[in-house]
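Residue numbers (my numbering): 61 to 510.
Put into structure tokens, the structure is as follows:
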């Protein structure tokens with residue numbers, strides 16, 4: 061890199077008998093004519109070679125040929141080469157079980173002594189003696205990510221195993237499905253105990269330092285005298301995390317036990333605030349405006365904007381109703397004037413977002429509330445009614461028979477039923493809330509409750 065010489069090509073030409081002073085790259089390095097034949101005095105050259113740049117190398121791992129060992133970065137000068145190396149190290153990602161010095165190298169490259177090029181072996185020895193540590197991410201962030209990863213993997217494996225059993229015709233107990241996992245992580249002698257609950261398709265709830273079962277640490281790697289008692293026999297099949305044996309040290313005081321972490325998760329800097337009516341209104345108004353922006357006829361746009369402006373002026377009134385019926389009438393009236401079917405299809409496709417919003421509020425805000433409550437109760441009923449035909453195995457067999465081609469639906473249905481106690485509590489609280497705040501609404505959804 062520094063000499064800008066193709067070394068393999070030079071070696072090949074030397075092996076062919078070409079003199080060193082006749083090689084093009086060598087003549088260019090000594091600033092001679094590239095195609096000349098004059099002999100170069102390498103001991104006392106008239107033109108001393110000039111480097112074409114500056115190179116800094118960093119050792120990443122050991123001499124194992126299967127690993128990334130070193131990085132070489134070039135720049136016009138030392139500072140640029142150093143900056144390029146820092147950027148490369150920050151972008152470098154090595155996945156493996158072996159340790160690397162990437163973070164520590166970045167710290168060394170950004171010290172003042174290295175910037176000033178006033179370093180020696182004593183400088184590095186001093187850093188080691190002072191136990192200078194590289195900058196690391198927040199440990200609690202690592203705890204959150206680690207707990208989420210472990211919990212998601214275990215929950216996914218449990219659901220997949222349950223689904224596989226159903227596909228084979230085997231019916232397992234519903235308690236094998238769980239969405240709550242206790243995770244224990246240890247870092248720097250501190251034990252972090254986290255309870256992770258999968259609260260949605262892509263959401264988790266983490267709880268730390270709540271009262272839950274203590275998990276015993278069953279494996280230590282210690283270079284001390286003691287007695288080993290093996291549990292597994294030679295040739296036994298082992299899984300990840302299997303307990304092989306117990307080690308009883310001659311001196312138990314040599315064991316360094318991880319101390320439990322007594323802190324809590326940090327509070328978010330910007331706590332979420334409940335949505336206010338004006339924000340909800342602006343959200344739906346933005347949906348309408350985005351749809352109206354040049355994609356529907358101007359006459360329809362003007363009529364809908366007029367209705368929205370009138371509703372916006374009276375939004376604080378208790379008598380104000382979202383003009384869903386009027387907007388639907390405007391859309392239907394314009395669609396009736398279109399003669400070609402393709403024009404009507406394109407028009408409805410363009411106004412699909414408006415139509416969906418209108419459908420949700422076609423009976424006003426109270427009607428939307430009623431529909432939402434009805435949908436929640438219907439979901440509860442659709443699951444629980446399938447487990448009212450006898451014992452558990454019989455009900456699961458019927459559910460499996462109705463959904464032969466979709467075992468994932470069967471698994472989700474069984475898991476939902478396994479949480480029936482929590483669901484009953486939620487439905488009871490919902491009905492109590494409606495009875496206390498919307499007594500008329502409970503009468504309107506009476507058919508669903510029956």
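Ideal Cβ positions, reconstructed from N, Cα and C, are used throughout, including at glycine.
For residue i, count the other beta carbons within 10 Å of its own beta carbon; 16 or more makes it buried, fewer makes it exposed. Which is it?
{"i": "residue 451", "result": "exposed"}
{"i": "residue 111", "result": "exposed"}
{"i": "residue 188", "result": "exposed"}
{"i": "residue 181", "result": "exposed"}
{"i": "residue 103", "result": "exposed"}
{"i": "residue 197", "result": "exposed"}
{"i": "residue 190", "result": "exposed"}
{"i": "residue 411", "result": "buried"}
{"i": "residue 470", "result": "buried"}
{"i": "residue 473", "result": "buried"}
{"i": "residue 368", "result": "buried"}
{"i": "residue 443", "result": "buried"}
{"i": "residue 74", "result": "exposed"}
{"i": "residue 435", "result": "exposed"}
{"i": "residue 72", "result": "exposed"}
Is residue i helix, strand or coil by DSSP?
{"i": "residue 272", "result": "In this prediction, residue 272 has a pLDDT of 34, which is less than 50 and means its spatial position is unreliable; what the coordinates show is noted afterwards. Correct three-state label for residue 272: coil."}
{"i": "residue 466", "result": "coil"}
{"i": "residue 44", "result": "Examination of residue 44 is not possible in this model, given that the chain is present from 61 through 510 alone."}
{"i": "residue 252", "result": "strand"}
{"i": "residue 391", "result": "helix"}
{"i": "residue 382", "result": "coil"}
{"i": "residue 210", "result": "helix"}
{"i": "residue 281", "result": "Caution applies to residue 281, whose pLDDT of 44 falls short of 50 and renders its modelled position unreliable; the model cannot decide the point."}
{"i": "residue 399", "result": "coil"}
{"i": "residue 192", "result": "coil"}
{"i": "residue 117", "result": "strand"}
{"i": "residue 89", "result": "helix"}
{"i": "residue 375", "result": "coil"}
{"i": "residue 264", "result": "strand"}
{"i": "residue 198", "result": "coil"}
{"i": "residue 578", "result": "The requested residue 578 is not part of the displayed model; the chain covers only 61 to 510."}
{"i": "residue 131", "result": "strand"}
{"i": "residue 83", "result": "coil"}
{"i": "residue 366", "result": "helix"}
{"i": "residue 258", "result": "strand"}
{"i": "residue 56", "result": "There is simply no residue 56 to check, as the chain begins at 61 and stops at 510 in what is shown."}
{"i": "residue 319", "result": "strand"}
{"i": "residue 474", "result": "helix"}
{"i": "residue 457", "result": "helix"}
{"i": "residue 242", "result": "strand"}
{"i": "residue 229", "result": "coil"}
{"i": "residue 495", "result": "helix"}
{"i": "residue 247", "result": "strand"}
{"i": "residue 19", "result": "No information on residue 19 is available, as it lies outside the stretch 61 to 510 that the chain covers here."}
{"i": "residue 418", "result": "helix"}
{"i": "residue 179", "result": "coil"}
Quick one: Cα of residue i to Cα of residue j, how far?
{"i": "residue 461", "j": "residue 219", "result": "19 Å"}
{"i": "residue 214", "j": "residue 226", "result": "19 Å"}
{"i": "residue 148", "j": "residue 141", "result": "10 Å"}
{"i": "residue 114", "j": "residue 136", "result": "6 Å"}
{"i": "residue 396", "j": "residue 384", "result": "18 Å"}
{"i": "residue 68", "j": "residue 118", "result": "23 Å"}
{"i": "residue 481", "j": "residue 232", "result": "20 Å"}
{"i": "residue 94", "j": "residue 79", "result": "14 Å"}
{"i": "residue 170", "j": "residue 151", "result": "16 Å"}
{"i": "residue 208", "j": "residue 221", "result": "20 Å"}
{"i": "residue 186", "j": "residue 319", "result": "31 Å"}
{"i": "residue 99", "j": "residue 105", "result": "10 Å"}
{"i": "residue 224", "j": "residue 381", "result": "51 Å"}
{"i": "residue 376", "j": "residue 370", "result": "12 Å"}
{"i": "residue 308", "j": "residue 246", "result": "21 Å"}
{"i": "residue 258", "j": "residue 228", "result": "27 Å"}
{"i": "residue 459", "j": "residue 427", "result": "33 Å"}
{"i": "residue 63", "j": "residue 146", "result": "23 Å"}
{"i": "residue 175", "j": "residue 143", "result": "10 Å"}
{"i": "residue 501", "j": "residue 399", "result": "43 Å"}
{"i": "residue 216", "j": "residue 244", "result": "18 Å"}
{"i": "residue 269", "j": "residue 487", "result": "29 Å"}
{"i": "residue 446", "j": "residue 230", "result": "19 Å"}
{"i": "residue 323", "j": "residue 210", "result": "21 Å"}
Nearest by alpha-carbon distance to residue i: which of the options is it?
{"i": "residue 489", "options": "176, 437, 464", "result": "437"}
{"i": "residue 267", "options": "252, 261, 423", "result": "252"}
{"i": "residue 242", "options": "492, 93, 203", "result": "203"}
{"i": "residue 108", "options": "367, 98, 87", "result": "87"}
{"i": "residue 359", "options": "375, 340, 394", "result": "394"}
{"i": "residue 166", "options": "467, 447, 116", "result": "116"}
{"i": "residue 206", "options": "178, 254, 139", "result": "254"}
{"i": "residue 388", "options": "423, 402, 405, 192", "result": "423"}
Shorter than 7 Å, the distance from the beta carbon of residue i to the closest heavy atom of the ligand SAH, or not?
{"i": "residue 214", "result": "The model on display carries no ligand, and the ligand SAH is accordingly not part of it."}
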